[in-house]
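Residue numbers (the numbering used here): 416 to 545.
Reviewing the structure listed below.
In structure tokens form, the structure reads like this:
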């Protein structure tokens, strides 16, 4: 298997598990956030078949990030996370906040999560040698 694909899929799996765990933890701590996720005026219901594709997202980001990490010359994890955060997360969260009716708390949560997941992905890339 191509090393970029292997790294990307593994980073996707790890970030899927971390993301689900963090999401459950945050929703227990911040019930208002849990309520926002249930707003079907903004988000699809979990009964919608398209929501199954939601679980593909970490793998797409993982493979794209693995490719980027390789092209950048395999930077240190913190440096990679910082670059990813500046290029993708900040602009993405800006447009999210300005165009969707979601709370600033949710946008900040997603912003922090974006950095954490980029950092985790980079550590996965470093660990997979072959």
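A virtual CB, placed ideally from N, CA and C, is assigned to each residue, including glycine.
Could you pull the start and end residues of the alpha helix (DSSP H) that residue i belongs to?
| i | result |
| --- | --- |
| residue 465 | Per DSSP, residue 465 belongs to no alpha helix (DSSP H) and is neither H nor E. |
| residue 497 | 492–499 |
| residue 488 | Per DSSP, residue 488 belongs to no alpha helix (DSSP H) and is neither H nor E. |
CB residue i to CB residue j, shorter than 9 Å?
| i | j | result |
| --- | --- | --- |
| residue 495 | residue 520 | no |
| residue 420 | residue 481 | yes |
| residue 457 | residue 517 | yes |
| residue 492 | residue 541 | yes |
| residue 477 | residue 508 | no |
| residue 490 | residue 537 | yes |
| residue 424 | residue 545 | no |
| residue 464 | residue 434 | no |
| residue 466 | residue 460 | yes |
| residue 426 | residue 522 | no |
Can you have a look at residue i and say buried or exposed, based on whether 16 or more other CB atoms are within 10 angstroms of its CB?
| i | result |
| --- | --- |
| residue 524 | buried |
| residue 430 | buried |
| residue 499 | buried |
| residue 432 | exposed |
Grouping DSSP H, G and I as helix and E and B as strand, with all else coil, what is residue i?
| i | result |
| --- | --- |
| residue 474 | helix |
| residue 432 | helix |
| residue 448 | helix |
| residue 458 | coil |
| residue 515 | coil |
| residue 421 | helix |
| residue 543 | coil |
Could you tell me the distance, in whole angstroms, from the CA atom of residue i to the CA atom of residue j?
| i | j | result |
| --- | --- | --- |
| residue 531 | residue 511 | 18 Å |
| residue 422 | residue 488 | 15 Å |
| residue 497 | residue 504 | 10 Å |
| residue 506 | residue 443 | 28 Å |
| residue 526 | residue 484 | 20 Å |
| residue 450 | residue 479 | 31 Å |
| residue 455 | residue 513 | 19 Å |
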